[in-house]
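Written below as structure tokens is the structure these notes are about.
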Amino acid sequence: MEQRELAKLGILGVLAETESATIESVHKLLTHNFGRYWGASTGILVPTMNQLKTDGYVEQVSVDGSDVAYRMTDPGRDHLQSLLTATIEDVSDPSSRPVLMIKLGYLHHLSVSAQREEIQQLKDQLRSERENVRSLQDLHATEIDDRDASGYRRELYDLRIRIIDALLEWLATVEPPRISEH
């Protein structure tokens with residue numbers, strides 16, 4: 007997901023949780039909630055908000071001095087749903103971390119069944135990636151036999167597997183429970 011799409015997800019996520027918001031308040035909330043993962047700047051938020059307005063996903067609701075407030079429209083809610091269900095290309099890649107964290111932060115705006123489906127898809131992707139990393143680890147095990155010459159490269163595979171396993175474990179704890187149907 008490119009930066010503009012990430013900004014759309016962030017803006018619409020904030021607007022889903024508040025009646026209306028200014029660019030400044032959106033920026034503050036994104037920084038507070040996701041600042042460790044993504045540095046949302048007004049340089050990306052302003053043009054993204056303008057595009058969301060042009061596309062009919064948000065509407066301007068008030069102008070107080072120099073602050074313009076926006077709220078999400080019904081088409082904006084639908085667009086948020088589509089952004090939340092968009093596939094993350096490589097969920098275990100560190101460069102995908104901002105998308106993953108923001109998506110997980112707003113996943114509760116999906117229906118419970120859609121949340122389960124998204125979490126299952128993420129778990130499937132992570133399991134597949136774990137197998138890919140293990141295959142690479144096995145392949146490189148014979149190539150990286152001299153620790154002094156290779157540094158910590160062998161251990162980096164193990165670290166990536168541990169990170170994937172930690173994400174899988176965490177996803178299992180947040181997945182909405184299934185209600186038994188009799």
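So the sequence shown is numbered by our numbering: it starts at 7 and just counts up by one. Cβ atoms here follow ideal geometry from the backbone N, Cα and C, with glycine treated the same way.
Item: Unbroken stretches of the alpha helix (DSSP H), 4 residues or longer, contained in the region 40 to 64; Value: 48 to 60
Item: Touch test, the region 112 to 126 against the region 168 to 182, Cβ-Cβ under 8 Å, three pairs minimum; Value: yes
Item: Counted within 10 angstroms of its Cβ, other Cβ atoms place residue 173 as buried (16 or more) or exposed; Value: buried
Item: Test item: CB-CB of residue 260 and residue 94 under 8 Å; Value: Given a span of 7 to 188 for the chain in the structure shown, any question on residue 260 remains unanswerable.
Item: Within 8 Å, strictly: CB atoms of residue 105 and residue 12; Value: yes
Item: Bridge partner(s) assigned by DSSP for residue 69; Value: 74
Item: Given 8 Å, three or more beta-carbon pairs between the region 123 to 136 and the region 40 to 52; Value: no
Item: Beta-ladder partner(s) of residue 27, from DSSP; Value: 76
Item: Complete runs of the alpha helix (DSSP H) confined to the region 128 to 179 [at least 4 residues]; Value: 153 to 156
Item: Residue 58 and residue 46 closer than 8 Å at C-beta; Value: no
Item: Reduced DSSP category for residue 22 - H, G, I as helix; E, B as strand; rest coil; Value: helix
Item: Burial state of residue 117 (16 or more Cβ within 10 Å); Value: exposed
Item: Within 8 Å, strictly: CB atoms of residue 26 and residue 77; Value: yes
Item: Pair within 8 Å by beta-carbon distance, residue 97 and residue 131; Value: yes
Item: Own chain residues within Cβ distance below 7 Å of residue 29, not counting five before or after; Value: 48, 51, 52, 55
Item: Residue 128 versus 115, 64, 22, 103, residue with shortest Cα-Cα distance; Value: 103
Item: Coil, strand or helix - residue 188 by DSSP; Value: Low confidence applies to residue 188: its pLDDT is 47, below 50, so where it sits in the model is not reliable, and the reading given next is rough at best. Reduced to three states, the DSSP call for residue 188 is coil.
Item: For residue 91 and residue 166, the rounded distance between their alpha carbons; Value: 25 Å
Item: Proximity to residue 88 [Cα-Cα], best of 64, 115, 99, 72; Value: 115
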